[in-house]
Amino acid sequence: MAMAEVSEEVEKMYESYSKLYFELKEKARIAAENREKILGEIRVRMDAWRNVIKSLLESVNVEYQNILSQVAGSGFVRLVNEDDIESAGLEIYVGFKGSQPIPLNIYSQSGGERSTATMAFLLALQKHIKSPFRAIDEYDVHMDPRNREIIANLLISAVKNEGAQYLAITPNQMFFEGKDVHIITVQNVDGKSLIREVI
């Protein structure tokens, strides 16, 4: 078969497909460029997010360590999975009575140590979170009396100049002589709730 015998339709089809190929190739190039721009923007935003979080953690760690030192503890908070915002998080480390800080979990620390470490972290973090009202429930469960008193006084000191109100619920008896607090007790007496204002 000679070239002269090629149908005009084949030539038109070739030109049509050739034009379509180059159009698709150009669209693919533009899509690849846009993808790179978007990925670049994501990297910029991730870096900004990471820098803000790390700066916040530096400040939180200073306060966290200060609070822990008052209850014979040491520790730090670190960012984990920082390259994947979907799985990123914070890991709290704590050690008491001279032991090296280890990750806070139900297997390594007692209930009182976990409660103390958690409250130390929340108190350290709260200076960076503005809220007119905060509530915590049974924050001192399992704490020994010394740590309970220290954490309660730190809680009062932390909110004193913030213009925030706290509602702290505890099954334990608390003493706040000379402190600017309002205490209401609710006790179950003979199956009825007995409510009494203490301060």
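Numbered according to this note's numbering, the sequence shown spans residues -19 to 179. The beta carbon of each residue, even a glycine, is placed where N, CA and C say it ideally should be.
Would residue i be called buried (16 or more neighbouring beta carbons within 10 Å of its own) or exposed?
i      : result
Met99  : buried
Gly75  : buried
Asn61  : exposed
Ile175 : exposed
Asn168 : exposed
Val42  : exposed
Lys172 : exposed
Gln106 : buried
Ala11  : exposed
Arg128 : buried
Ala138 : buried
Ile130 : buried
Val24  : exposed
Val40  : buried
For residue i, which option in the options has the closest C-alpha, if you only look at C-alpha atoms?
i      : options                       : result
Ser79  : Glu(-9), Ala52, Glu16         : Ala52
Pro125 : Ile116, Ala104, Glu93         : Glu93
Trp29  : Asn152, Lys110, Lys172, Glu66 : Glu66
His122 : Lys110, Gly91, Glu(-11)       : Gly91
Leu134 : Ala12, Thr96, Ser35, Ala11    : Thr96
Ser184 : Asp64, Gly143, Lys77, Ser35   : Given a span of -19 to 179 for the chain in the structure shown, any question on residue 184 remains unanswerable.
Ala132 : Asp63, Ser111, Gln50          : Gln50
Lys110 : Ser88, Gly143, Lys159         : Gly143
Lys34  : Pro81, Gln89, Ala68           : Ala68
How about residue i and residue j: do their beta carbons lie closer than 7 Å?
i      : j      : result
Ile72  : Leu59  : no
Val57  : Tyr44  : yes
Gln145 : Phe113 : yes
What is the C-beta distance between residue i and residue j, in whole angstroms, given that I count them as a contact (C-beta under 8 Å)?
i      : j      : result
Ile47  : Leu103 : 6 Å
Asp120 : Thr165 : In fact, because the Cβ distance is near 15 Å, the residues do not count as touching under 8 Å.
Ala115 : Leu147 : 4 Å
Leu36  : His108 : 6 Å
Whose C-beta lies closer than 8 Å to the C-beta of residue i among residues of the same chain, with five residues either side of it excluded?
i        : result
Met26    : Asp63, Ile65
Met(-19) : Low local confidence applies: a pLDDT of 48 at Met(-19) is under 50, so the model's placement there is unreliable, with the coordinate-based value given in what follows. Within the same chain, Met(-19) has no close Cβ partners at all.
Ile86    : Arg94
Asn14    : none
Lys(-8)  : none
Is any non-hydrogen atom of the ligand FAD found closer than 6 Å to the C-beta of residue i, if you look at the structure I gave you?
i     : result
Ile72 : The model on display carries no ligand, and the ligand FAD is accordingly not part of it.
For residue i, which residues of its own chain have a beta-carbon under 7 Å away from its beta-carbon, when the five flanking residues on both sides are left out?
i      : result
Phe101 : Tyr44, Val57, Ile72
Glu118 : Ile149, Thr150, Pro151
Among the residues of its own chain, which have a CB less than 6 Å from the CB of residue i, if the five just before and after it don't count?
i      : result
Lys159 : Ile136
Ser88  : Ile82
Hey, is residue i's beta-carbon within less than 7 Å of any beta-carbon in chain D?
i      : result
Arg176 : Included in the structure is just one protein chain, with no chain D present.
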